[in-house]
Structures are given as structure tokens and as C-alpha cells.
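From first to last, the protein sequence lines are chains A and B. Heads up: the first sequence at position 205 corresponds to 205 in my numbering, and the numbers run straight through without jumps. To convert, count from 1 in the second sequence and add 1000; that's my numbering. Encoded as C-alpha cells, the structure appears first; notes follow it.
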Amino acid sequence: MTRILNGVRFPQTGIDKLSPESFRQRIVQTCRKGGRIVSLFVTATEEGPLEIAVLSTTGGELEALSTILSKSNPSLTSECPQAHLFEREIAEESGLEFLEHPGLKPVRFLKEPIGQTRYYTVEGEGIHEVAVGPVHAGIIEPGHFRFQCEGEQVLHLEISLGYQHRGVEPALVGGPNPRTLHLMETLAGDTTIGHAWAYCLAVEALSGGSVPARAQTLRGVALELERLANHTGDLGALAGDVGFLPTMSYCGRIRGDYLNMTALLCGNRFGRGMLCPGGVGFDMDASRVEELRRRLTQAAADTASAVNLLWGSNSVMSRFEQTGIVSTQTAMDLGLVGVAARACGLERDIRFEFPWGPYRFAQIPVMTMETGDVFARAQVRWLEIQQSIDFIQAELTALPGGEIRSPQRPIQPNAAVVTMVEGWRGEIAHVAMTDGSGRFARYKIVDPSFHNWTGLSMAMRNQPISDFPLCNKSFNLSYCGHDL
Amino acid sequence: MIAILSSILSVVLALVLAPLLLGVVNRTKAIYAGRKGQPLLQLYYDLYRLLRKGAVYSRTTSWIFRAGPIVGLAATALAIPLIPFGGGRGLFSFAGDFFFAVYLLGVVRFLWVIAALDTGSSFEGMGGSREVAFSALAEPALLLALTAVAWMTRSLSLSDMVGRLSWTLGPGVAPIAMVGCTLFVVFLAENARIPVDDPNTHLELTMIHEVMVLDHSGPDFAMIQYTAALKFWLLGAILIGVLLPFETLPTTVRWPVALGGMFTLAILVGIVESTMARLRLLKVPQLLGGACALAIFALILVVR
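Structure, rendered in C-alpha cells:
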């Protein structure tokens, strides 16, 4: 198998081409041993549709393998559940068939009218169906949820998305161009830094450019600030969903403080324009570094007092604990990533598994919990908040001098790269492949939400339906990151 | 003559001041959260705004849907004159009127639930089922508590029951305190407050009261909001009437004490909502069952 590294270019011809059977066996075996499918997609070649898999093995290595698909193929999903959404995506995009796939429904409704599919239904005495969305009561993104309930108990939840599909991946073909970075920053609006960094890593690897040390550190600060803002906002929203006002109100404000710190970095609260291939868009002088450290110290104290109210309230704990449990086995089968996986005891964190940039030199411990419930997902966020604050403070103390940007070099033709970044939600994976003239021939994006939506469905099994908003918030997945 | 005037005044006060109490609850919550909060009179503005609007009716609904808000308001308004306030008597009273008052509230609930079912929406059906399930426990708790009060005052009329208990140190305090706890839990449950329901949530799947009235709009919704405010006043007046010894107070301070009691109650509700999370829906019956048990113990204490 071709062993690859995070953010290191390799020739496209270097990807092993296997027979369909050994391709399948390799993936199934890797996943059975606890490995994961990072990305699985099809790209058109002269020989036919080429299916490429990027696997993360239990040995902590990345592998790329490929096979040529025919019109109808045996599905991986029957033996490897984490392939299910990838295969649905491939079937929808390329029109290929996967035999014995248990539910080959559209993912983003590219051809069918949106939301119209045969939903899984349960029948019997006392069974009723509840449909929620795509228009919701709050200001959130559109998505459709179908519950099969017996009284208050949810037997099954089916999630049907695609309302935010914009066709980002096809739009990236032929790039990079000045629009590309903007598309990356808006893939999922709350993960601007995460996706922009994955893209910058890809361009830098493909062109062989370097990034100055100062820019690396500033990128790390921006990514951790993004994590702080979102984790804090999530903890506040979790409190709001159980009607616990103090933490909700305080965290809402403190999230704004973290966003304003990002604005101090680059003038934009969501980090737009902070990253660019080769470095960062904005430098920090000593006085702003001092100001950032001062604000961070204050926000750290505020966050601690607001969040500790949660753990100290019995009424909150009784709502969080034992709610929306995902077992470790389910998390492994589904290939969950990020906070959701760490809350099930899986040590999955790209900053630790495949460190890049500043994380090669400054390690952040992986925070895990064992219980897999809403409490675990909340607690992991709180633990990560503390780690991120320590990381930023340490990085700012030793901010390297020098340039913030290196000159760009041309992109290599017929090359490929896999870049992975641990965004606040989890693993962001980009795969870029160039054509003969150094343009993107295929650019595959996997947002952490793509892996984790099914986890939410499983968390709702046999839960009271009134706990759905709480479970949903504890995952807080992106609709547009999934829909692309 | 003065007694009748005071009874009329208590009805007028209820009709006028009820929405203000909800403003006090919201202001308390805002202060706890470090916000300025909405105006104290916000509910009055809302009612005025809603009354000027037209109503939208789904084609799947029948006259039941339209009758819900009207009958609900009428039944609640009918119960208001039965409730004594500030140590006086209700405008009307008769033996057994506390049953009448409780079942007028039952009529409101029945109409609201069938109006919700009339829409055919799965959300509203869920809300209706929750409302009925919880009130099946809240109603006995309220009746048991009032029965204990009736036994203590040897009367079956609210006018002779409410505001007639006196705090004398000794064994008489325990049943009053227990009845007070029961009534407070029933008060929170019936008014859709935390820890039973969350009046602020936008999450349809977790709602009880709010989800039943999702389809009402314009004047219909105004009637429902106003009915909810009146219900808050009505149950609040019973609660403070049971807890405060109006008979032992000088006549001049009875009204200020009663009004102060109502606003203190509103602030207390705000504090409860600011400091605790909502209960898991499946745990609510345990809370209401506990309230029932307390009322039964109070009844045993006074009967023995």
C-alpha cells in the first residue's frame, strides 16, 4: 500500500491500483481492526471511474489505494458501515451502482426533487411519525428529520439533508484561482480557519512552498481561537436547551469575546482573510500580542466560572448524563471523528495522530471521556477549551519573528496530496489532485459533519423525542459542511 | 357595601395586572442573566399588537380550533370572581366552588387540547398528549391541597378558605407548609414554567404548552396569552392566600401585602427559572407525584 503523509505531495501514479476484490478486502480489514475511512471518492480517468480510498490505519499511518469501478459493484457498506454515506455519495454523483447497499438513497438530491425519497418507516399500534424541518423554529440551517416514535420514545431517526448544496467541489475544478480561498472559507462558516488551513496546506504541498515559522504559529492561534469560540458557544447553547439560563447568557457573551480576539488577529470575527497560501494575511505587533494575551486571560477566567456552573447544578447534570449515548463500538463502526468520537473514548485527534504545522512541535493532549453521552461531549469541549487557552498563551509567549508569508510557486502537474486538519468539530480532510497543467482536476472535501450525522441518528435510538434538541446540540454538526 | 366594592376591585385588579406579573418574571430572569430585558409592559404591547392583526386558519381545522381560545378565556374569566384577594371575599361564592374553579381550569385545558388535536399536526398532538398526561397528576395535587385547606377552615367555599389560615406556631404550621409546597409545584406546572416546561424555548419537540398553541394567530393568540396570564394570577392568588394570614393583619395593609405577595411570587418564579434547568420530560410525573404525596400527608395531618 502507498503510505502517505499529511500535507505531503505524492505523484498520482504512486497510488496503488488494486483489483476490486483486494481493494475491498483491504478496506474491510483496516476498518475491522479499528481503522477509518478518511475519504472515499471517484474520479474520472481514461480507464473508467477510479475509486480512491484514503485510510487511517490503527498503526497511525495514512494509506491511499484505488481501483477501477464498473457499472455495478459490490458495496463495501455491507461489511464496513462507515462506507455507507460515501457510497451513497458516489452513487449519486457518478450514477454507479453498489449492489446490496442497504439504503442507496440520495445524499444531496442532485437529480430528484429535494427531500423526496422513501423514508424508513415503522408500523404498528401506537407508532407515529414526526417530521421536523427543513424550516426550523430557530435561526439554524435547513435539514429534514423524520422520527419514528412509539409515544415519546424514538425508535428511529432518519436525517435527510442536501438543502444547502452549492456544488463547491465541481466549482473548485480548474483552480486554484482567486475565488478558491473564499469558497474554502465559506464551506462551513463556523470552520473558516479549519477549511482554509486544509486548503492552504494542499496548495503549499502541491507547489512545494514553505511557510514561515511566524505564520505557522499565528495560524495555530487562529485555529484554537475558532475552537474556543465554538466550544464556548456550544456549552452555552447546551445550557439553553435544558433551560439553564446563567451559563447560556454568559457563554453567549464570552463566545463574542473569543470572536473579537480573532478580529484582533485579522479584522474579521470569523477569521476570513486570515490564512492565505504561503502564510497569513495579517501580522501582529507586540502591543496587539499583549492585548490578545490580556483578553485571553480574562476570557479564560470568565469561561471557567460560567462553565463550572453547569457541572455544579444537579438539575443540569441529570439532563446531560445518560442522554444520547453512543457506544464506543458504534462510534468505531460509524467512523465518528472529533468531539463526538473523543466523547466515546476514541483517541481521534489529527493534532495528535497526524500533526502538522505548529502541532508538530507543541503537542496538545487528546481529551477523551468514556461515557459517550451528552455530558461526555460537553465535558470534552470544556477540557479542550482549557488546553487551547494554554496552547495559545504558550505560543504567543514564544512567537517567532520573521516574515509572515512566503512567495508562491507554481503547482506541480499530475500530483496529489491529502491534507488533514483538526477543526473544532473534528477531522477535516481535503484531497487535491492536479491535471497535466497544474490545475485542480479533482478536489475532494470531507467535513467532520459528513462522518458524524449518522452518529446523531444512533444517539437518538430509544431516547425520548424531547431530548432530541439537546442531543443535536451536543453534536452541533454543520449542514452546509455536509451538503457542500 | 365596602365588601362588594373590594370584591369588584379584586376582579378588576386581576384583569388589569395579570400580564404585568409575567413582565416581572421576565425582568427577573433578565437581571439574573445580566441583560436589560424587555419592557415590564411587553405583554400588554404584545396583546395590543395581536388584537389588531387578522387570524390565519388552516383549512384542516374546524370550529373546535376557533372555539379553543374563546371558551378558554371565558372559563378562566368566570373563575376569577371566585377567588378572594387581599383578605376579602370573592365576588361570587357558594359551597363547593373550589371544585367549580378547578374544573373551569379543566375546561380550558380540554378545549385547548382538542383545538391542538384539531390541527392534525404531529407536534401539537404530542403537546396535547403531554399536557393531558401531566395535568392528570397536577389536578389531583391541586384538589388534594385544597381539600386539606377546606378541612382546616371547615368550609367548601374559596371565599372562606383562602386567606383564612393563620400561622400559629405549633402543629398547625406543617400542613400549611406542605400545602404551600404542593400549590407552588402545581402553580409552576399549570403555568408551563421551568422545571416542568420552558416558556422561552423555540424547540417544538420539547414544548408542552407552547406547542399546543403554535397554530393560533392574531386575536386568537392574544386570547390565549391573556388567558395564560389570568391563570398565573388565579393560581398565584390561591397560593399566597393559603400562605399569608390575612385575617390576622390590619385591614389597611391587607391589599399592599396581597399585591406584594403576588409580585414576590413572580420574582420567585424568575429566580427558579434562572437557577435551575428544566427537568427531563419523563421525570416530570415524579415531581407532580411528589406534590400529590405532600398534599395527601397534609390531609392526613389535618384529618387525624
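Where a beta carbon is used, it is the ideal one built from N, C-alpha and C, also for glycine. The structure presented is a predicted model; accordingly, all values stated were derived computationally and were not measured.
The closest CA to that of Asn-1191(B), considering only Lys-1231(B), Leu-1165(B), Ala-1177(B), Val-1284(B), is found on Lys-1231(B). In terms of beta-carbon proximity, Arg-1035(B) lines the interface with chain A, with at least one pair separated by less than 8 Å. Contact check for Asp-257(A) and Arg-214(A): beta-carbon distance about 25 Å, past the 8 Å limit, so the pair fails to qualify.
For Lys-1029(B), the chain A residues whose C-beta falls within less than 8 Å of its own C-beta are Leu-245, listed in chain order. Taking a cut-off of 8 Å for Cβ pairs, the region 84-96 of chain A and the region 114-128 of chain A do not touch, as fewer than three such pairs fall below it.
The beta-carbon of Pro-1285(B) is placed no less than 8 Å from the nearest beta-carbon of chain A. The three-state secondary structure of Gly-279(A), taken from DSSP, is strand. Going by DSSP, Gln-153(A) is part of no alpha helix (DSSP H) but of the beta strand (DSSP E) stretching over 153-160.
Listed along chain A, the residues sitting closer than 8 Å to Asp-1198(B) by beta-carbon distance are Gly-243. The alpha carbon of Ser-474(A) has as its nearest neighbour, out of Gly-357(A), Leu-157(A), Val-366(A), Val-374(A), the alpha carbon of Val-374(A). Within the region 61-132 of chain A, complete alpha helix (DSSP H) segments of at least 4 residues are found at 84-94, given in chain order. Chain B has a Cβ within less than 8 Å of the Cβ of Phe-468(A). In the displayed model, Cys-344(A) falls within coil according to three-state DSSP, outside both helix and strand.
With respect to Ala-1148(B), Ala-1291(B) sits apart: the two C-beta atoms are not nearer than 8 Å. In the DSSP assignment, Gln-164(A) falls outside any alpha helix (DSSP H) and carries neither an H nor an E. Rounded to the nearest angstrom, the Cβ distance from Leu-264(A) to Asp-483(A) is 32 Å, too far for a contact under 8 Å. Following the DSSP letters along the chain, one finds Tyr-359(A) in no alpha helix (DSSP H), marked with neither H nor E. In this model, Tyr-250(A) and Thr-303(A) are separated by some 8 Å (Cα to Cα). Gln-463(A) carries a coil assignment under DSSP once its states are collapsed to helix, strand and coil. Interface flag for His-128(A) against chain B is set, since a Cβ pair is found closer than 8 Å. In terms of CA proximity to Gly-236(A), Leu-470(A) leads the group Phe-86(A), Ser-478(A), Leu-470(A), Glu-123(A).
Contact between the region 441-450 of chain A and the region 382-392 of chain A is absent, with fewer than three C-beta pairs closer than 8 Å.
A Cβ-Cβ contact shorter than 8 Å links Ala-1116(B) with Met-1212(B). Per DSSP, the continuous alpha helix (DSSP H) segment holding Lys-473(A) begins and ends at 468-475.
By the C-beta density criterion, Gln-322(A) is exposed, having fewer than 16 other C-beta atoms within 10 angstroms.
Restricting attention to Phe-354(A), Ser-39(A), Leu-399(A), the CA atom closest to the CA of Gly-59(A) is found in Phe-354(A). Contact of Ile-465(A) with chain B by beta-carbon distance below 7 Å involves Leu-1205. Listed along the chain, the chain A residues whose CB falls inside 9 Å of the CB of Tyr-1032(B) are Leu-245, Pro-246, Ser-249. Ranking Ile-1267(B), Thr-1264(B), Arg-1280(B), Ala-1266(B) by CA distance to the CA of Val-242(A) puts Arg-1280(B) first. Within 9 Å of the CB of His-1216(B), no CB atom of chain A is found; the nearest one sits about 15 Å away.
Taking the Cα of Ala-299(A) as reference, the smallest distance to any Cα among Thr-419(A), His-195(A), Gln-393(A) is reached at Gln-393(A). Under the three-pair Cβ rule at 8 Å, the region 1017-1024 of chain B does not count as touching the region 403-422 of chain A.
Nearest CB-CB separation between Glu-321(A) and chain B: not below the 8 Å threshold.
With 16 or more other Cβ atoms inside 10 Å of its own Cβ, Val-339(A) counts as buried. Chain order gives no chain B residues near Gly-345(A), where near means a beta carbon separation below 9 Å; the closest approach is about 24 Å. Looking only at Asp-1118(B), Val-1011(B), Gly-1086(B), Leu-1143(B), the smallest Cα-Cα distance to Leu-1259(B) is reached by Gly-1086(B).
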